[in-house]
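Notes follow once the structure below has been shown.
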Amino acid sequence: MASAFLSLHSANFKTSKLANGFNQASIHPHFCTFHHFSIGQTVLYLWSINLSDEERKVTLDRVKKYLDGYAFRDIQLNQPDYGYSGQSVHISKRLEEIGAMQHESTFDFYGNISKLINGLHCSHTKFDQPCLMPFNWELPIYFTIIPYEGQHVVIGRSLYWNYDYYVDPRIEGAQILYVDPNGNKILDGYQISPTALTIEEAIAQWADEEEQVSRSPFARFEKANIYTYYFRDAIYYSMPKSDYMSILFITPGGKLVESTVQYIAFSYGTFDILERACPVNEYYNPDPLPEQIPYYDWPVDYPEPEYPDWPEDEDEDDWIYDQVKNVSDWPVLVDQSHKNTTASKQAAKQEKKAPLRVESIISKISKLKKVTKIDKKLQAQNLKQTLHKIERKSTLKMRDRLNPLWRERRKSALELSKKAKVTSTWTGKPVNLDEGIDPITKKKVEVIKSRLDYQKKKHGTEQQKKHRRDETEQNSHYDFDVAYVSQDGALVAFYIPSIETGIIRILSFYPYDELEFQYSFLTIVRLFADEHSPFKANKIYIDLRYNDGGYATLPPIILRFLFPQADSPIWPPVDQVKAPINSVFSLIQDFIAKYTPEDTDIRLDLETNDVIQDYYSQDGYQRTTSNNSGVFRDEITVDLTKRAIFYAGHADALRKYARDWERSRQTIWQPKDVTVIVDGLCTGACSLFAKEVQQKKVARIVGVGNFGEVFNNKRFDVGTAGGSSPRYNDDFFYLLEDMYYNPENYAEIDFDINGFPEPFYRDATYLSYAENEFYGVTENSKDKLSEFQIFDADLQFDFIDNFYDMQFEDEYMDDYFYWELTYFLSEKFGTGVFGAQSKQNDEEGEGCLYGEHDLNQAQVPDLCINAARDDPDSYYGFKCSADKDTEGGQKVFGKFVRTVEGCEFAYCRAGFSRKDGKCVADTLLQGEIESEVFDPRAEAAYKQNVGTKPEVKDPEVIPEPDPEKKKKKVDAWLVISIVFIVIIAIFIVILIIAICCTVSKVKSLNKKNTQELAKHQIEIQDSQIQLIREQRRSRATTRPNDSQYLNKSKRTKHSEKK
């Protein structure tokens, strides 16, 4: 039923508007003039392109071909019970149903496909509707949710600078009580309508319907609340069902008012007919479009919208619902299509290069195999560069669609580098954060920024005052330092001196330069870890909020370096659906891995750890998924590649950079001292990192979000799309273009011609899907798909980011957030934040979670030394008294048991993993060096701390001695004893004489000292009397010292206030 919504909804809209005197000719031409329009007017315009049978057939065939390679197309039939589960979807049958439906226009047709694909699991699997890229469905207001005395209060704010054309001005600053998203009346007398919702309920309901099901309910709400509920990109999100939203609020003056807010259709394009936004691809020989009328010839003599006559404040019982003026009378442009004569149509025809044909390109490559001798290594290097360019181009495009402001956030992070205490010394190619941005996205960013700037000017000063803390005595930067910023802003390091806490802010795992990212990460860790660093940190926050993923190779590299105690494996198992479309890039990647494996990811055998050559061509296995819940049994079987280890450790530059660091491969921070911060939006590679941290138990994870009653204790997954990698339809056409111009690079690859898809019928049709699927990295999770398996956060922090809070990296907002988090953790664990109180509580055993151990800065406690000696290569620490986790995955609090009985195995030393109750040396993988895995310095530090258990030797067997020899031996011992007694007697006599002489001398000295002491006491008394007289004369006073518990060098006004 959901997929049929667009047809029904649009038909209702069309009927109602035509009945009110609108017609297609009056709204169709020149719509996209960078203006706002009502939803009803927009429907008529979007109905302007009819759906042909050819377009229907071609589009559905292309979608089916791509989704044949979708990693979870069988799993969608019956999702595993270790995830959130979801609706059963047989993708092929659903596409057939869509093909059989009657569609009045392309708008309905593509809307139903979008609803299907965007509802599949994995945030990488998306479908962009053609023709809608320039459009947004928008609200001209936004809501700020503020936690207040245990409840959430909602405040209304205007979003447009000319908001009073669209919004009752009394909403500005009002407390919002209820809304009805479909425009129904909220109050019936004094009763609240059953269709009315609180703001949080409305956003959560919309997000559950429109955001991808692969995200947790918290992540869906978060994404909607900070952006998409107010800026709904038309290529993904359904058109609102009504022109208006009803809203009930209390004005700042205390009046209860019901009013309406109009939904806005905003166009970011400038063209006369809709089809210019999505022309038919030249592959299908379309008729040329009519010549576009120059913008300066468009009519301008249309009326401006009237300023609405909004009512003034009324009495509380005087409702204004029926008094609000309808502001849908927008300017209507006159039909200019008659100007497009036959001559102008002919003039619009231009010579175009013939579209690329797969058959001719493959034929051209085949001929080269017979006549050309090619250097395979050089060929592999060229292909590697080509794939990198293709994937980067597609990835940038996808990022712009998911969040147009990601570039601005990185730019704002780079602005912080001007305040960084330590400057990056990396020298590489200049960073271009505007690379690949298209004109429509650029316009969207400009408009959104202008609105955010308006809000900043209106409320910014007030917000900054709210978030700033008082100045500290020794630090003019509010006790919050920007320590370091990477070259492209992907990494930022903050430091809070008063509590010696370092913060590693990872904005993305998709850096401009992977090597620079690893170098910067090492720099940050050393700033926080080196003993003599001014940024020495005892605790670490790793902030992953709004991290948009990136390279899947980086999370295991970072994890291995930061947590050397983590058991192997850390590189996840992977497999792939075998389908003609997946063979294209897989064969190229296998060729690259075979001839230039040194800096590319490869596949290792799960059993032997050997490199698998020609991975995609190896025999795999089949997986069958069935569903018996319906009337008929559904079953899907897919062919999969051999499951293997996804690996890039041989290209680990971070390991090489840290080779000479004396603390490399040492555990620097205990799990109890590392807090990883996630918000559910942690995507792709970020999710892979967060889920591995949770599986390896190397840190605490705090989930940040709306933990009010709206979600009813649902589970919070630490990441999204943590088990897949994307492929984009544009990748194939970028590849074909390179094959056309550089066929020699592909001469050694035997392509399946059926693997190459033909273009979509319309340009601007965009589809991406998950190509690979990853599995867990523990014994319990190795057979479970990471995409579906929920890994709960240890703690839940109720902290709500509102519309513009995190669109830019702001040091004051960060400062405020980290302090709020610090107080939250101190309350949870019963420890103080500052000075001696915090240390005392920690020593008394306060604050630990089930499964944690206390090792006192990676050193085995003295009481546990014997246990560690009995278990070689193992670290032992004091266990936490908590027994187990809760059923919902939440951690149980306890105290460290600091006794011999509390000693328990914690983890193996670096290079070892726990197997069958023992720490066993890890097997060296491709490219690893023994001295780096089993670092001699780390081994020496371990032995110095634990020591070596003394060896127990068997008693030596002594033969029975000869009697004669035994008698002589006894006589000799008798003589030696007599001589020894005589010597002792002489020594005693000498000692007595010495004592007598000493006693006589001491008596003489005591008499003399008594006389000197009496004289000295008299002098002291005279001095004290003189000092008292001087104090009275000067009336001097001294200020008492009140810093009994706080270190004065670290004490702040903020801490005193708290």
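In my numbering, the protein residues as written are -18 to 1039. Backbone N, C-alpha and C define an ideal beta-carbon position, used for all residues, glycine too.
**Message:** So the candidates are N117, L229, Q186, S104; which of them puts its Cα closest to the Cα of N165?
**Reply:** Reading the sequence shown from its first residue, position 184 is the one you call residue 165. It is L229 whose Cα lies nearest to the Cα of N165.
**Prompt:** If you scan the stretch 567 to 641 from start to end, which runs of the beta strand (DSSP E) of 3 or more residues do you find wholly inside it?
**Reply:** Counting only runs of 3 or more, we get 583 to 586, 602 to 608, 615 to 621, 625 to 628.
**Item:** Secondary structure of Y709, DSSP reduced to three states
**Value:** For the purposes of this step, residue 709 is taken as the residue at position 728 of the sequence shown. Here Y709 carries a strand assignment [DSSP, helix/strand/coil].
**Item:** Coil, strand or helix - N753 by DSSP
**Value:** Walking along the sequence shown from the start, residue 753 turns up at place 772. Residue state for N753 is assigned as strand, using DSSP reduced to three classes.
**Prompt:** Is DSSP giving E443 helix, strand or coil here?
**Reply:** Locating residue 443 in the sequence shown gives position 462, where the first residue counts as 1. Because the pLDDT of E443 is 42, which lies under 50, any placement of that residue in the model is unreliable, and the question is left without a value.
**Item:** Limits of the unbroken alpha helix (DSSP H) element including I126
**Value:** Position 145 of the sequence shown, counting from 1, holds the residue named residue 126. Secondary structure note for I126: it is in no alpha helix (DSSP H), and the uninterrupted beta strand (DSSP E) holding it is 122 to 129.
**Nearest to A671 (by Cα), restricted to the options Q273, E729, G689, D775** = To locate residue 671, count along the sequence shown from 1; it is residue 690. Among Q273, E729, G689, D775, the Cα nearest to that of A671 belongs to D775.
**Message:** Excluding the 5 residues flanking V555 on each side, which residues of the same chain have their C-beta closer than 8 Å to its C-beta?
**Reply:** The residue labelled residue 555 in the question sits at position 574 within the sequence shown. Same-chain partners within the cutoff: R584, R624, A625, I626, F627, N753, E754, F755, Y756.
**Message:** Mapping the DSSP letters down to three states, classify M794 as helix, strand or coil.
**Reply:** As a working note, residue 794 is residue 813 in the sequence shown. Shown here, M794 sits in a helix according to DSSP, grouped into three states.
**Nearest-angstrom Cα separation, counted from R151 out to H17** = Here residue 17 is taken as the residue at index 36 of the sequence shown, counted from 1. Here residue 151 is taken as the residue at index 170 of the sequence shown, counted from 1. Cα to Cα, H17 sits roughly 22 Å from R151.
**Message:** What does the Cβ neighbour count give for W142, buried or exposed, with the cut at 16 atoms within 10 Å?
**Reply:** To locate residue 142, count along the sequence shown from 1; it is residue 161. With fewer than 16 Cβ atoms within 10 Å of its Cβ, W142 is classed as exposed.
**Contact check, G531 vs C663, beta carbons under 9 Å** = Along the sequence shown, read from residue 1 onward, the residue named residue 531 stands at position 550. Along the sequence shown, read from residue 1 onward, the residue named residue 663 stands at position 682. Here G531 is not near C663, since their CB atoms are 9 Å or more apart.
**Request:** Drop a sphere of 10 angstroms on the beta-carbon of Q193, count the other beta-carbons inside from all chains shown, and report buried for 16 or more, exposed for fewer.
**Result:** For the purposes of this step, residue 193 is taken as the residue at position 212 of the sequence shown. Around the CB of Q193, 16 or more other CB atoms lie within 10 Å, so the residue is classed as buried.
**Message:** Using a Cβ-Cβ cutoff of less than 7 Å, which residues in the same chain neighbour Y888 once the five nearest sequence positions on both sides are dropped?
**Reply:** Position 907 of the sequence shown holds residue 888. Cβ-Cβ distances below 7 Å link Y888 to Q546, Y856 in the same chain, with the five nearest sequence neighbours on each side left out; the list follows chain order.
**Asked** Going by alpha carbons, who is nearest to K896 out of T759, T803, D791, E801?
**Response** As a first step, residue 896 must be located in the sequence shown, where it is residue number 915. For the set T759, T803, D791, E801, the Cα lying nearest the Cα of K896 is the one of T759.
**Item:** Nearest-angstrom Cα separation, counted from E416 out to F741
**Value:** Residue 741 sits at position 760 when you count from the first residue of the sequence shown. Residue 416 sits at position 435 when you count from the first residue of the sequence shown. Between the alpha carbons of F741 and E416 lies a gap of roughly 25 Å.
**Request:** To the nearest angstrom, report how far apart V44 and L543 are at their CA atoms.
**Result:** Taking the sequence shown and counting its residues from 1, the one referred to as residue 44 is at position 63. Taking the sequence shown and counting its residues from 1, the one referred to as residue 543 is at position 562. Approximately 42 Å, taken between the alpha carbons.
**Item:** Integer Cβ distance of N687 from I781, believed to fall under 8 Å
**Value:** Numbered from 1 along the sequence shown, position 706 holds the residue referred to as residue 687. Numbered from 1 along the sequence shown, position 800 holds the residue referred to as residue 781. Their Cβ separation, rounded to whole angstroms, is 5 Å, which keeps N687 and I781 in contact under 8 Å.
**Message:** Could you give the first and the last residue of the continuous beta strand (DSSP E) run that contains Y47?
**Reply:** The residue given as residue 47 occupies position 66 in the sequence shown. Per DSSP, Y47 belongs to no beta strand (DSSP E); it is in the alpha helix (DSSP H), 34 to 48.
**Prompt:** Taking the alpha-carbon positions, what's the T408 to W642 distance?
**Reply:** Stepping through the sequence shown from its first residue, residue 408 is reached at position 427. Stepping through the sequence shown from its first residue, residue 642 is reached at position 661. Between T408 and W642, the alpha-carbon positions lie close to 21 Å from each other.
**Request:** Flag this pair as yes or no: are the beta carbons of T482 and K439 separated by less than 9 Å?
**Result:** Residue mapping note: residue 482 aligns to position 501 of the sequence shown, counting from 1. Residue mapping note: residue 439 aligns to position 458 of the sequence shown, counting from 1. No, the Cβ-Cβ distance between T482 and K439 is not below 9 Å.
**Asked** When you compare only the Cα positions, how much space is there between T176 and D460?
**Response** The sequence position of residue 176 within the sequence shown is 195, counting from 1. The sequence position of residue 460 within the sequence shown is 479, counting from 1. Straight-line Cα distance between these residues: approximately 49 Å.
**Request:** Pull up the distance between the alpha-carbon of V914 and that of E739, whole angstroms please.
**Result:** In the sequence shown, residue 914 corresponds to position 933, counting from 1. In the sequence shown, residue 739 corresponds to position 758, counting from 1. Cα to Cα, V914 sits roughly 48 Å from E739.
**Asked** What are the start and end residues of the beta strand (DSSP E) that includes A887?
**Response** Position 906 of the sequence shown, counted from the first residue, corresponds to residue 887. Note, A887: beta strand (DSSP E), 884 to 889.
**Prompt:** Taking three-plus beta-carbon pairs below 8 Å as touching, is the stretch 701 to 712 in contact with the stretch 797 to 810?
**Reply:** The stretch 701 to 712, when compared against the stretch 797 to 810, does not touch it at the 8 Å Cβ threshold.
**Item:** Cβ distance (whole Å) where L540 is taken to contact F502 below 8 Å
**Value:** On the sequence shown, position 559 is the one that residue 540 refers to. On the sequence shown, position 521 is the one that residue 502 refers to. Not confirmed; about 11 Å, so no contact.
**For Y465, three-class secondary structure by DSSP** = Within the sequence shown, residue 465 is the residue found at index 484, counting from 1. Correct three-state label for Y465: strand.
**Between the CA atoms of N726 and K350 - distance to the nearest angstrom** = Position 369 of the sequence shown, counted from the start, is the residue given in the question as residue 350. Position 745 of the sequence shown, counted from the start, is the residue given in the question as residue 726. Rounded to the nearest whole angstrom, the CA to CA distance from K350 to N726 is 10 Å.
**Message:** In whole angstroms, give me the CA-to-CA distance for E909 and E673.
**Reply:** Position 928 of the sequence shown holds residue 909. Position 692 of the sequence shown holds residue 673. Approximately 21 Å, taken between the alpha carbons.
**Request:** With a threshold of 16 other CB atoms inside 10 Å of the CB of V901, please say whether the residue is buried or exposed.
**Result:** For the purposes of this step, residue 901 is taken as the residue at position 920 of the sequence shown. It counts as exposed.
**Request:** Would you check if the distance between the CB atom of Y785 and the CB atom of Y147 is smaller than 9 Å?
**Result:** Here the question's residue 785 lines up with position 804 in the sequence shown. Here the question's residue 147 lines up with position 166 in the sequence shown. No; because the gap between Cβ atoms is not below 9 Å, this pair is not in contact.
**Item:** Nearest to Y638 (by Cα), restricted to the options A200, L844, Y500
**Value:** Position 657 of the sequence shown, counted from the start, is the residue given in the question as residue 638. Looking from the CA of Y638, the closest CA among A200, L844, Y500 belongs to Y500.
**Asked** Taking one C-beta from the stretch 76 to 86 and one from the stretch 23 to 36 each time, how about it: are there three or more such pairs within less than 8 Å?
**Response** Contact between the stretch 76 to 86 and the stretch 23 to 36 is present, because at least three Cβ pairs lie under 8 Å.
**Item:** Whole alpha helix (DSSP H) elements within the stretch 47 to 87, 4-residue minimum
**Value:** Within the stretch 47 to 87, the complete alpha helix (DSSP H) runs of at least 4 residues are 72 to 81.
**Cross-strand partners of K107 (DSSP beta bridge)** = The residue labelled residue 107 in the question sits at position 126 within the sequence shown. Beta-bridge analysis with DSSP links K107 to S749.
**Continuous beta strand (DSSP E) stretch holding H656: start and end** = As a first step, residue 656 must be located in the sequence shown, where it is residue number 675. Checking the sequence, you will find Thr at residue 656 rather than His. It spans 655 to 659 - the beta strand (DSSP E) in which T656 sits, taken as one unbroken run.
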